[in-house]
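There are 4 protein chains.
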Amino acid sequence: MDYRIRTDLALEARESFPEDDVEIKGVILTEEFDEENKIRVSTVVIKDERGAKAMQKPIGTYITIEAPELTEADEDYNQPVSDIIAENLLKLAGDYTKDEVLIVGLGNREVTPDALGPYVVDNMFVTRHLIKEYGNEFKARNRLGNVSAISPGVMGQTGMETSEIIKGIIDETHPKLIVVVDALASRSINRLNTTVQLTDTGISPGSGIGNNRKALNEETLGIKVIALGVPTVVDAVTIVADTLSQYMEKTGFEENEINQFVYEIRNQAMNNMFVTPKNIDEAVKRISYTVSEALNSCFAQPV
Amino acid sequence: MDYRIRTDLALEARESFPEDDVEIKGVILTEEFDEENKIRVSTVVIKDERGAKAMQKPIGTYITIEAPELTEADEDYNQPVSDIIAENLLKLAGDYTKDEVLIVGLGNREVTPDALGPYVVDNMFVTRHLIKEYGNEFKARNRLGNVSAISPGVMGQTGMETSEIIKGIIDETHPKLIVVVDALASRSINRLNTTVQLTDTGISPGSGIGNNRKALNEETLGIKVIALGVPTVVDAVTIVADTLSQYMEKTGFEENEINQFVYEIRNQAMNNMFVTPKNIDEAVKRISYTVSEALNSCFAQPV
Amino acid sequence: MDYRIRTDLALEARESFPEDDVEIKGVILTEEFDEENKIRVSTVVIKDERGAKAMQKPIGTYITIEAPELTEADEDYNQPVSDIIAENLLKLAGDYTKDEVLIVGLGNREVTPDALGPYVVDNMFVTRHLIKEYGNEFKARNRLGNVSAISPGVMGQTGMETSEIIKGIIDETHPKLIVVVDALASRSINRLNTTVQLTDTGISPGSGIGNNRKALNEETLGIKVIALGVPTVVDAVTIVADTLSQYMEKTGFEENEINQFVYEIRNQAMNNMFVTPKNIDEAVKRISYTVSEALNSCFAQPV
Amino acid sequence: MDYRIRTDLALEARESFPEDDVEIKGVILTEEFDEENKIRVSTVVIKDERGAKAMQKPIGTYITIEAPELTEADEDYNQPVSDIIAENLLKLAGDYTKDEVLIVGLGNREVTPDALGPYVVDNMFVTRHLIKEYGNEFKARNRLGNVSAISPGVMGQTGMETSEIIKGIIDETHPKLIVVVDALASRSINRLNTTVQLTDTGISPGSGIGNNRKALNEETLGIKVIALGVPTVVDAVTIVADTLSQYMEKTGFEENEINQFVYEIRNQAMNNMFVTPKNIDEAVKRISYTVSEALNSCFAQPV
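Residue numbers (the numbering used here), protein chains in the order written: chain A, 134 to 436; chain B, 134 to 436; chain C, 134 to 436; chain D, 134 to 436.
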């Protein structure tokens, strides 16, 4: 079963194990389902190195919020989805919600499926400069959190590693928590623009739909990092390989034949090709708004 | 061999016949290759009903211009590509270039791969109103053609068939030739945003990446129609089916097994999913500019 | 008092008469004020030729809705403003709300203060094609109005008069009412992007912030026309002339001296210069949304 | 003569002195005029504190390049304008052109007249990451400069001072020269979007069309700073005050009467109102492209 293709979602990594009902050693999966709003929250906790190796993800907590009706439902549906995101952010952020928080929107504003991070930052209610000018009494009276935000752009636009830019800004402005927002690649078309993954492990190198990013996590940045990701694309290679390997399994191929086939597809001209829904522009704008509302309610006006 | 999946390119319909070197009855294929600029021009002429049936396209001429280096080359490369498009437009338009021409940009400006038509119209040099105001002497002195242009939007935006809008405008403004510009679906990733198809058959129902459009052709509109299309997407279903059927052929499956498989894929959740390159926003803008330059030189300032 | 500078708002034309409390013959002014929401509705009825001459506007009804807090207030404030616009639209539209309505968004999408019309059309809930496909029972069951919409672009983009395009579309699609949405020029900075004028007189030639438009009214189009306008700019000439003539009046200049001065300013390089607030992009988007909600509730889902 | 209203252009500060032909002590003005391309280059050197006080600008060199035909001329005209900007940048930058350079685009991408900086950065050819990956030999072989670039956004978007962000990035990435690009306010409508000011004094507090920015200069950032500014707006107050005070002077008012009047205008509702040409979106995009070409040729591919 080593023909698995990379996914940025821990939930999908977990799903790719055939033994659905058997616990993988070192990995705990729990689920909740909100009947009324059709929102599923799955929590994968990778407890130790064994689990990390099996899942090919760092040790930590991964919360996946799936709201499959988000792209079709009316505007009122944003509210419950945003509420559940905020609630789960709070689980990871704890008391940090009342501390200085820097929201970082990764990705390239000019490439629609990669523009989630910048779009979220565009909608953030930033307060740091207000508190600096009007003081802590103003902060308390208005029950504000202390939020700053930036969309640094990608390396091809800036010539700099995102980690360099963020480190520099941290050293000058001293936030206590960083929330990194990024577009992800998923295996499943059904999860595109309707799913949010929260994790306290940061963004690992090679994740995201852009490549070559250096890790942004507590180890490299020196402060707590929460990553919020939304799958906006499926790699074309993934979808072809997944469809075909399902079919080959069904028709009795051997595992090594399937692996060989997937290997061949990977070397075809499908690199840098993505599968997206036709309404990607609208779908990314919508989930970006939902995410920014969650971040605003969690950090700019914390309870 | 009936598992062929729809393509909007006549060239691809032709390629799907295995007997590459045998003439299909009623269809003539000729090719030219510009070594210096790496531009290939393939002309498919469907001469009669036999050919039309074999190709599943109306009788007429289909010129395909392939400039595979367009997405990567520097800006100077736009010029030779635009020149070759203009030269082939002239073959189809003949003396109409000096007559009143209406350019219609089909598609939805808000959906990047479907925005080609509106982007082209944005760059058109329109002259009809100038000639109306300053007269034919002004037209002659400045060697202008008579160009008007419109991006009507898609039915989901207007509540009207594009054909209704265009017919109404024709009745009021009396152009002699319509050039319809639209984004197409291709089978081949390599052709995306680097290929232009010109045809004198108009746009057939169901073509284009949006659906349910009524035909825009000489029969329905009452005046000569040239369609200019650029493939900007591959259907996700197509790419999966193509890759798999190639593989199945290679590994000795029977045709009916392959057809069965393709049929199954089609019924999966891949509808309305498209494969695009990551730089789709930039790529569509670039080819739109190249196309608009060709239209401007052919119609706004005809030789 | 002939140094008055053109305004597209009947209310401002009325205000420019010094005798505020005296009725101008042939013109009736009434006012309502919504205390809670700080929204003022002023209705100017020009009854006859005498009034038309005094006001330099055609005979008809002009309703001006002023919501000065619109640019600053939070999102909840859109609702009451939109409700009052819809209520006043209903006064002008009467039973036409249940008939076929075509919304026309005038203006140039690429020029922010002129993009109001296209932005409003972007947000319209069009239903005509649905009713055509699913029939009148579907319309009745869902309590839908019959709405189509188009943003034709301006003459510099299309080479056609807007009136030619609209006439052509009317002849093909047979709406019973046209609502024309356009950006206007105001005299007053305070009204920018916070004021809506409704009128049953259509758009007069030379109105709007773009020039040279042929009239769109019942006489030229053959069906009832309602115009909805929002001032988004003040001419730079107007603001300079207004400020200065106020000052000159205060300091005792003669009327002919003031007129001479205004005449001189008009011939300076201020043509095609506009005064806008710095946040014009955001302000136009906001009022466009409010207007489109009013149109949707009045025509797409009429009571 | 103290009713002068702030301008960001040293050239306009100089022009406001009536004694055109007399040298102001401590200030040297030289001019060149390119007949063929109609481009004027004026250099103001403020040599000492006396000059600084008279001009209300810091000691340093201010080069103003005026290309009045830029907004109307065809695309070929970009080249000579861009060449002259590059040539004058070189005078200020000297050997730094071959060193590490960070281009900073100030301003708010969402507010058209303030978007110049971000637009310029969008067009920058960044090379720093390439040199880091492929080494100095690669740099030499391709004759590249070492360029990085960022558009940090404005304080209302980030909650951080721009100076904090830039300082942090400098400390991590160690550029030797910073070029700060920003939109300016001018006094003259004729200079909008056709004029470029270069200076080695950085951006002074309160400059730019956004407010409250802390200074970005050699003193605060610790490395050499060149500021490149383009006037994109005139304050509405300025244009009214200028027009009127000219008129009042002509008609024999006393200086104190004029000052009193200007003072009154300033307190009116014209704050945050700007005068822009109608085609501001297009004009800012055009000059942004011209500026980015100049920066690219000066720093990314230095001679």
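For each residue, glycine too, the CB sits at the ideal point set by N, CA and C.
Closer than 8 Å, CB to CB, is residue i near chain A or not?
{"i": "I322(B)", "result": "yes"}
{"i": "G278(D)", "result": "no"}
{"i": "Y380(B)", "result": "yes"}
{"i": "G292(D)", "result": "yes"}
{"i": "A282(D)", "result": "yes"}
{"i": "A433(B)", "result": "no"}
{"i": "D304(D)", "result": "yes"}
{"i": "P201(D)", "result": "no"}
{"i": "P191(D)", "result": "no"}
Is the shortest distance between the beta-carbon of residue i and the beta-carbons of chain C less than 8 Å?
{"i": "L377(D)", "result": "yes"}
{"i": "I342(B)", "result": "With a pLDDT of 44 at I342(B), under the threshold of 50, the modelled position of that residue is not reliable, and no figure is offered here."}
{"i": "E169(B)", "result": "no"}
{"i": "G268(B)", "result": "no"}
{"i": "V417(B)", "result": "no"}
Helix, strand or coil: how does DSSP classify residue i here?
{"i": "Q330(A)", "result": "strand"}
{"i": "M381(A)", "result": "helix"}
{"i": "K300(A)", "result": "helix"}
{"i": "P213(A)", "result": "helix"}
{"i": "V287(C)", "result": "coil"}
{"i": "D368(B)", "result": "strand"}
{"i": "N279(A)", "result": "strand"}
{"i": "D141(C)", "result": "coil"}
Quick one: list the residues of chain C neighbouring residue i, beta-carbon separation under 9 Å, in chain order.
{"i": "P410(D)", "result": "N405, M406 and F407"}
{"i": "V234(D)", "result": "Simply none; closest approach about 30 Å."}
{"i": "V259(B)", "result": "M288, G289, Q290, T291, G292 and M293"}
Express the C-alpha separation of residue j and residue i in angstroms, rounding to a whole number.
{"i": "D333(A)", "j": "L325(C)", "result": "47 Å"}
{"i": "P251(A)", "j": "V237(A)", "result": "8 Å"}
{"i": "M293(A)", "j": "V287(A)", "result": "8 Å"}
{"i": "A416(D)", "j": "L144(D)", "result": "22 Å"}
{"i": "T371(C)", "j": "T371(D)", "result": "15 Å"}
{"i": "D209(A)", "j": "T423(A)", "result": "11 Å"}
{"i": "E165(B)", "j": "V174(B)", "result": "5 Å"}
{"i": "L310(B)", "j": "L223(B)", "result": "12 Å"}
{"i": "S340(D)", "j": "T353(D)", "result": "Model confidence at S340(D) stands at a pLDDT of 46, short of 50, so the residue's coordinates are unreliable and nothing is read from them."}
{"i": "T384(A)", "j": "V373(A)", "result": "16 Å"}
{"i": "T365(D)", "j": "Q330(A)", "result": "43 Å"}
{"i": "V312(D)", "j": "L349(D)", "result": "10 Å"}
So residue i contacts chain D; which residues on that side make the cut at Cβ distance below 8 Å?
{"i": "D441(C)", "result": "Past the edges of chain C, shown from 134 to 436, lies residue 441(C), and the structure says nothing about it."}
Under 7 Å Cβ-Cβ, which residues of chain A neighbour residue i?
{"i": "T353(D)", "result": "The premise fails here: T353(D) is roughly 12 Å from chain A at the closest Cβ pair, so nothing lies under 7 Å."}
Name the chain B residues whose beta carbon is nearer than 9 Å to that of residue i?
{"i": "I420(A)", "result": "Here the premise fails: no neighbours, minimum Cβ distance about 16 Å."}
With distances taken Cα to Cα, identify the nearest neighbour of residue i among the options.
{"i": "V168(B)", "options": "V214(B), A146(B), R147(B) and I161(B)", "result": "Note that residue 168(B) corresponds to Glu in the displayed sequence, not to Val. It is V214(B) whose Cα lies nearest to the Cα of E168(B)."}
{"i": "G193(D)", "options": "D375(D), I161(D), I172(D) and L277(D)", "result": "I161(D)"}
{"i": "G278(D)", "options": "Y267(D), R261(D), G268(D) and G184(D)", "result": "R261(D)"}
{"i": "G362(A)", "options": "C431(A), S149(A) and D247(A)", "result": "D247(A)"}
List the residues of chain D that residue i touches, going by C-beta distances under 7 Å, in chain order.
{"i": "A369(C)", "result": "I372 and V408"}
{"i": "F394(C)", "result": "Y380"}
Along chain C, in chain order, which residues have C-beta atoms closer than 7 Å to that of residue i?
{"i": "I398(D)", "result": "T376"}
Closest Cβ-Cβ distance between residue i and chain D: below 8 Å?
{"i": "E388(A)", "result": "no"}
{"i": "I298(A)", "result": "yes"}
{"i": "G240(A)", "result": "no"}
{"i": "G227(A)", "result": "no"}
Does any residue of chain B have a CB that is nearer than 8 Å to the CB of residue i?
{"i": "V424(C)", "result": "no"}
{"i": "G250(C)", "result": "no"}
{"i": "P285(C)", "result": "yes"}
Who are the neighbours of residue i on chain A, taking C-beta pairs under 8 Å?
{"i": "G184(D)", "result": "Simply none; closest approach about 34 Å."}
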